[in-house]
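A.B. asks:
Structure representation (structure tokens):
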């Protein structure tokens, strides 16, 4: 088995938790600002038009994007649908409710004019109103809420109540940071972003479960005189090499797809790359630190109640 870090390291991760959690809090607050004030929603969430077009001959997506950009549709989303040989693409452009019809006509005219030798047949036009976009935003939030809640319940059942808050905090931490970074770099928040965030939830919780499982193993079968803090440090050190190797391998794949997967997939894999980095970080520090905090809080509460009972 490949080991990036030799077995037996004794890094005191929990000794640095106050500094790391302060750093996480600052980054989270900055990213929350970005989410509320910098986020640019895609057509799916703010309303616009979706135009399904079939070309008589092969057409490159970048060529279509250039044509639409010259026509004033700089934020247009262009992607292939069906099989490559079908030469069908889906174009999404944003527009307010009053100008939706005019926008659609302008887009259709731009395609017919620029592709005179490659007939562009408009197969279908769907109008996405602002109200539908708002409902879709709420559905995306609900999907992530139920995903996190379900995972919390699972963690509480599989381990114990001390672990569930750590999972919730770490997943919220990852989602907020990914969405915040995307807002600052100008990436549109679209259905691709929602899919990436849900994927990040799954990836991050997988890392966290491995760390938690090792913590439980140390608690159940290790030195019973050791504190939870020591068990956490031992567990993180035990899984450190595996965590780094897995994350680096996954990050290389995501980065490769970001650079070579085409414009349609770029935002998805940018979100995934950010999520892998912070998901790994949060499984080591945020989740474990929160669990330790809950444990210390519980012990203090029990100690206080015991003192009152004997007084």
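In the numbering used here, the protein residues as written are 563 to 873. Ideal Cβ placement from N, Cα and C applies to all residues, glycine included. Please read all numbers here as calculations on a predicted model, not as lab measurements.
#1: Is it the case that the region 669 to 677 contacts the region 617 to 637, given that we only count it when at least three CB pairs across the two stretches are under 8 angstroms?
#2: Beta strand (DSSP E) containing residue 620: first to last residue?
#3: I'd like to know if residue 825 contacts chain B, where contact means its C-beta is closer than 8 angstroms to some C-beta of that chain.
#4: Using CA atoms only, rank isn't needed, just tell me which of 675, 610, 572, 678 is closest to residue 652.
#5: Helix, strand or coil for residue 688? Go by DSSP, reduced to three states.
#6: Roughly how many angstroms separate the alpha carbons of residue 798 and residue 638, rounded to a whole number?
#7: By how many angstroms is the C-alpha of residue 665 removed from the C-alpha of residue 619?
#8: Once you ignore the five residues that flank residue 765 on each side, which residues in its own chain have a CB closer than 7 angstroms to its CB?
#9: Can you tell me whether residue 654 is buried or exposed? The criterion is at least 16 other CB atoms within 10 Å of its CB, across all chains shown.
#10: Are residue 739 and residue 729 close, meaning C-beta to C-beta below 8 angstroms?
#11: How far does the beta strand (DSSP E) with residue 642 in it reach, from first residue to last?
#12: Kindly give me the distance between the Cβ atoms of residue 755 and residue 833, rounded to whole angstroms, as I take these residues to be in contact under 8 angstroms.
#13: Could you tell me the distance, in whole angstroms, from the CA atom of residue 691 to the CA atom of residue 678?
#14: Could you give the DSSP three-state label for residue 777: helix, strand or coil?
#15: Note down, in chain order, each residue of its chain lying with its Cβ closer than 7 angstroms to the Cβ of residue 600, except the 5 sequence neighbours on either side.
#16: State buried or exposed for residue 776, treating a residue as buried only when at least 16 other CB atoms are found within 10 Å of its CB.
#17: What three-state label does DSSP hand residue 831 in the structure shown?
#18: Using a Cβ-Cβ cutoff of less than 7 angstroms, which residues in the same chain neighbour residue 726 once the five nearest sequence positions on both sides are dropped?
#19: Pick helix, strand or coil for residue 626, following the three-state DSSP scheme.
#20: Would you identify the three-state DSSP class for residue 847, choosing helix, strand or coil?
#21: Could you check the C-alpha separation between residue 644 and residue 855 for me, to the nearest Å?
#22: Please name the residue or residues paired with residue 667 in a DSSP beta bridge.
#23: In chain order, which alpha helix (DSSP H) runs of at least 4 residues are fully inside the region 682 to 743?
#24: Whole angstroms are fine: how far does the CA of residue 612 sit from the CA of residue 684?
#25: With distances taken Cα to Cα, identify the nearest neighbour of residue 809 among 823, 774, 770, 827.
#26: Cα-Cα, which of 658, 736, 779 is closest to residue 720?
#27: Of the choices 603, 772, 640, 709, whose alpha-carbon is the least far from that of residue 801?
C.D. replies: In short, the structure shows the following:
#1: yes
#2: To locate residue 620, count along the chain shown from 1; it is residue 58. Per DSSP, residue 620 belongs to no beta strand (DSSP E) and is neither H nor E.
#3: Going by chain labels, chain B is absent from the structure shown, which holds only one protein chain.
#4: The sequence position of residue 652 within the chain shown is 90, counting from 1. Residue 610 is the option with its Cα nearest to residue 652.
#5: In the chain shown, the residue the question calls residue 688 occupies position 126. Here residue 688 sits in strand by DSSP.
#6: As a first step, residue 798 is located in the chain shown; it is residue number 236 there, counting from the start. As a first step, residue 638 is located in the chain shown; it is residue number 76 there, counting from the start. Taking the straight line joining both Cα atoms gives about 45 angstroms.
#7: Residue numbering aside, residue 619 sits at position 57 when the chain shown is read from its first letter. Residue numbering aside, residue 665 sits at position 103 when the chain shown is read from its first letter. If you take the alpha carbons of residue 619 and residue 665, they lie about 25 angstroms apart.
#8: By 1-based counting over the chain shown, the position of residue 765 is 203. Closer than 7 angstroms at Cβ, skipping near neighbours: 837, 838, 841.
#9: Here residue 654 corresponds to residue number 92 of the chain shown, with the count starting at 1. Classification of residue 654: buried, given that the 10 Å Cβ count is 16 or more.
#10: The sequence position of residue 739 within the chain shown is 177, counting from 1. The sequence position of residue 729 within the chain shown is 167, counting from 1. Going by C-beta atoms, residue 739 is not nearer than 8 angstroms to residue 729.
#11: Mapped onto the chain shown, residue 642 falls at position 80. Segment 639 to 643, the beta strand (DSSP E) holding residue 642.
#12: For the purposes of this step, residue 755 is taken as residue 193 along the chain shown, with counting starting at 1. For the purposes of this step, residue 833 is taken as residue 271 along the chain shown, with counting starting at 1. Contact holds; Cβ gap of about 6 angstroms.
#13: In the chain shown, residue 691 corresponds to position 129, counting from 1. In the chain shown, residue 678 corresponds to position 116, counting from 1. Cα to Cα, the separation comes out at about 31 angstroms.
#14: One-based indexing of the chain shown puts residue 777 at position 215. Residue 777 falls in the helix class under three-state DSSP.
#15: As a position in the chain shown, residue 600 is number 38, starting the count at 1. The answer, listed in chain order, is 745, 746.
#16: Numbered from its first residue, the chain shown carries residue 776 at position 214. That one is buried.
#17: Numbered from its first residue, the chain shown carries residue 831 at position 269. Looking at residue 831 - three-state DSSP - the assignment turns out to be helix.
#18: Residue mapping note: residue 726 aligns to position 164 of the chain shown, counting from 1. 714, 717, 718, listed in sequence order.
#19: In the chain shown, the residue the question calls residue 626 occupies position 64. Residue state, collapsed to three classes: helix.
#20: Stepping through the chain shown from its first residue, residue 847 is reached at position 285. Assignment of residue 847 by DSSP, reduced to helix, strand and coil, places it in the coil class.
#21: On the chain shown, position 82 is the one that residue 644 refers to. On the chain shown, position 293 is the one that residue 855 refers to. Those two C-alpha atoms are separated by around 51 angstroms.
#22: What you label residue 667 is simply residue 105 of the chain shown in a count that begins at 1. For residue 667, which the question treats as bridged, DSSP gives no partner whatsoever.
#23: Counting whole runs of 4 or more residues, the region 682 to 743 contains the alpha helix (DSSP H) stretches 692 to 720.
#24: Sequence index remark: in the chain shown, residue 684 carries index 122 (1-based). Sequence index remark: in the chain shown, residue 612 carries index 50 (1-based). Cα-Cα distance, rounded: 11 angstroms.
#25: Position 247 of the chain shown, counted from the start, is the residue given in the question as residue 809. Checked all of 823, 774, 770, 827; the closest Cα to residue 809 is 770.
#26: As a first step, residue 720 must be located in the chain shown, where it is residue number 158. Nearest of 658, 736, 779 to residue 720, Cα basis: 779.
#27: Counting from 1 along the chain shown, the entry for residue 801 is found at position 239. Ranking 603, 772, 640, 709 by Cα distance to residue 801 puts 772 first.
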